[in-house]
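Using this note's numbering, you'd call the opening residue of the sequence shown number 27 and step up by one each time. Below is one structure; the comments refer to it alone.
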Amino acid sequence: MASFTKIGMLLMATSKRPPANYFSSFSRGKPSLVSEACLSTAAAAGGMKPEPPLNQYSTISSSDHNLTRRSGNYGPTLWDFEYLQSIHNDYVVKKYMKRFNELKKEMKNIMIMVEGSQEELEKLELIDNLQRLGVSYHFKEEIMQILRSIYLNASAGDSLYATALKFRLLRQHGFHISQGKEISTCKLSNRWWKSTCLAKKLPFSRDRIVEAFVWTVGTIFEPQYSYCRRMLTKINAVAVVIDDIYDVYGSLDELELFTDAVERLLKAIDYLPGYMKVCYLVLFNTVADIAYNVLKEQGINVIPYLKKSWADYCKASFQEAKWHFNGYNPTLKEYMDIAWISIGAPMYLVHAFIFVTNPITKEALESLSKYPDIIRHCSIIIRLADDLGTSSDEMNRGDVPKSIQCYMNENDASEEEAREHINHLIKEMWKLINTGLHENSLFSETLIGCAVNVTRTAQCIYQHGDGHGIQNSEIKSRISELLFEPTKISIP
Numbered sequence: 027m028a029s030f031t032k033i034g035m036l037l038m039a040t041s042k043r044p045p046a047n048y049f050s051s052f053s054r055g056k057p058s059l060v061s062e063a064c065l066s067t068a069a070a071a072g073g074m075k076p077e078p079p080l081n082q083y084s085t086i087s088s089s090d091h092n093l094t095r096r097s098g099n100y101g102p103t104l105w106d107f108e109y110l111q112s113i114h115n116d117y118v119v120k121k122y123m124k125r126f127n128e129l130k131k132e133m134k135n136i137m138i139m140v141e142g143s144q145e146e147l148e149k150l151e152l153i154d155n156l157q158r159l160g161v162s163y164h165f166k167e168e169i170m171q172i173l174r175s176i177y178l179n180a181s182a183g184d185s186l187y188a189t190a191l192k193f194r195l196l197r198q199h200g201f202h203i204s205q206g207k208e209i210s211t212c213k214l215s216n217r218w219w220k221s222t223c224l225a226k227k228l229p230f231s232r233d234r235i236v237e238a239f240v241w242t243v244g245t246i247f248e249p250q251y252s253y254c255r256r257m258l259t260k261i262n263a264v265a266v267v268i269d270d271i272y273d274v275y276g277s278l279d280e281l282e283l284f285t286d287a288v289e290r291l292l293k294a295i296d297y298l299p300g301y302m303k304v305c306y307l308v309l310f311n312t313v314a315d316i317a318y319n320v321l322k323e324q325g326i327n328v329i330p331y332l333k334k335s336w337a338d339y340c341k342a343s344f345q346e347a348k349w350h351f352n353g354y355n356p357t358l359k360e361y362m363d364i365a366w367i368s369i370g371a372p373m374y375l376v377h378a379f380i381f382v383t384n385p386i387t388k389e390a391l392e393s394l395s396k397y398p399d400i401i402r403h404c405s406i407i408i409r410l411a412d413d414l415g416t417s418s419d420e421m422n423r424g425d426v427p428k429s430i431q432c433y434m435n436e437n438d439a440s441e442e443e444a445r446e447h448i449n450h451l452i453k454e455m456w457k458l459i460n461t462g463l464h465e466n467s468l469f470s471e472t473l474i475g476c477a478v479n480v481t482r483t484a485q486c487i488y489q490h491g492d493g494h495g496i497q498n499s500e501i502k503s504r505i506s507e508l509l510f511e512p513t514k515i516s517i518p
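Shown next, in the form of structure tokens:
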């Protein structure tokens, strides 16, 4: 088995990523803004209701009032722009590609031999090694053939280890980084982030573009989904800024206007304070860019569905802001009814669906906009994992009580008891997810895999605290090892 692992590591380092010719046109000829006339047409096509007039609002300028702003005390980004742009991958030159093809052929021959073997555990360990090394996508058909054979010829009397490994491989998709392509995608995301000027114009918010990218790698790692990762990174980065506007900086009046503006698209922008206009236009341009590409490639208008996902996210965040400003302590049920949406996972997965689905159908969009169980259950786990990792820091800066505090207040419980209860809820949600994974669905296995994988990613990121918000050497080291430090190999 050691030889299998060695070949797999060499494949991981030398894998050539498929060209993104399909997506290359997305950076050309796209509009930076969509006219209000186009948006009105899109709204009508999506069955959206007419909106009330805006004359009841007055413009709020951030300089009009002497507002006391909270600070999240977020540290600056750990990642220097020039450093990220200077990173390169040595393993994409011709000699490595030749060696890659040789290794791939050799591994396929090994898999044919293993498939004919009577040793079921040997087959399982080979697949497990390929998945752990992040190269299993090269052998998708061979792996499925082996697993299908194991499933149809289930044997009794396996050891506990073999049984557990078989169960996991039959139920689970592995996810790992593919070195060369990810450096390129991370660079593109970093350039886009710098061009938005959000970190400069809104210094109170978190500057976390690399961390936003890590989430997308955990969600869907295969090379052919590089455009999906790039766009989801943008969605993540903008969502973090909006989260900080609601949680830390905005006044209640400003937040009400921003929430309304997201529901109305461009029609309310003139009523926003200056700092919000910058964030709002970046959000609008990003959504317009996505919708333009989908309309061009698939001929379907997704603006109403993207708009709804962002509006739901902002409305949930606004409700939490109202609780904070009014000093209200919600019950655990009240909190969770809002918090599974305010964590941003439903909005994130609506976008993921659009990036990984072709063709997109209106029936699937309508179903997705109602947030089916797989979206809801995964979002609940992500929220609870976030609360377990970040609630102490967030309470120190005066945020609304999180699930832990809600349970403590409601049941006169200790923090330890509350954390035990939250972990129990997470386990129950995983049971529901695993039960429903293979039920008939309008959604592809790819999207369901995205939902499950981003949930696992959340539990990893928040396992030892706030792995997204806090910046320290341990977190930097973990991300560097994942993204920027290639596996060392030598060519004979």
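Cβ atoms here follow ideal geometry from the backbone N, Cα and C, with glycine treated the same way.
Neighbour-count burial assignment, residue i, 16 or more Cβ in a 10 Å radius
i      : result
Tyr297 : buried
Ser185 : exposed
Leu278 : exposed
Pro385 : exposed
Pro249 : buried
Asn355 : exposed
Phe310 : buried
Leu159 : buried
Ser84  : Low confidence applies here, because Ser84 scores a pLDDT of 49, under 50, leaving its location unreliable; read the following figure in that light. Answer is exposed; the Cβ neighbour count stays below 16.
Ser53  : Unreliable positioning characterises Ser53 in this predicted model, as indicated by a pLDDT of 35, which lies under 50. The coordinate reading is nonetheless provided below. With fewer than 16 other Cβ atoms within 10 Å, it is exposed.
Lys192 : buried
Ser252 : buried
Glu507 : exposed
Ser335 : buried
Ala238 : buried
Residue i in three-state terms, based on DSSP
i      : result
Cys432 : helix
His377 : helix
Lys396 : coil
Cys223 : coil
Phe239 : helix
Pro330 : helix
Ser503 : helix
Thr103 : coil
Val478 : helix
Ser215 : helix
Phe510 : coil
Gly370 : coil
Pro427 : coil
Asp438 : coil
Ile246 : coil
Val161 : coil
Ser175 : helix
Ser335 : helix
Where the alpha helix (DSSP H) containing residue i begins and where it ends
i      : result
Glu465 : Where Glu465 is concerned, there is no enclosing alpha helix (DSSP H), given that its DSSP letter is neither H nor E.
Thr357 : Where Thr357 is concerned, there is no enclosing alpha helix (DSSP H), given that its DSSP letter is neither H nor E.
Ala287 : 278–290
Gln489 : No alpha helix (DSSP H) contains Gln489, which DSSP labels as neither H nor E.
Thr383 : From DSSP, Thr383 is part of no alpha helix (DSSP H); its letter is neither H nor E.
Phe230 : Run containing Phe230: none; DSSP gives neither H nor E here.
Gln157 : 146–158
Tyr253 : 252–270
Asp315 : 300–324
Whole-Å CB distance - residue i paired with residue j, under 8 Å assumed
i      : j      : result
Tyr361 : Ser429 : 6 Å
Tyr374 : Leu258 : 7 Å
Asp413 : Ile448 : 7 Å
Ala365 : Arg409 : 5 Å
Thr357 : Glu289 : The pair is not a contact, with the Cβ atoms about 27 Å apart (cut-off 8 Å).
Asp233 : Pro427 : Actually they do not touch by this definition, with Cβ atoms about 27 Å apart.
Ala411 : Ala484 : 5 Å
Leu468 : Ala390 : 4 Å
Ser143 : Lys149 : 7 Å
Within 8 Å, strictly: CB atoms of residue i and residue j
i      : j      : result
Ile316 : Ile380 : yes
Asp286 : Phe230 : no
Ile400 : Ile326 : no
Ile246 : Asn216 : no
Leu394 : Phe344 : no
Ile176 : Glu128 : no
Glu346 : Tyr272 : yes
Lys227 : Val328 : no
Val382 : Thr472 : yes
Val140 : Leu152 : yes
Ile369 : Ser405 : yes
Met455 : Ile487 : no
Val266 : Thr312 : no
Leu224 : Val308 : yes
Val274 : Ile505 : no
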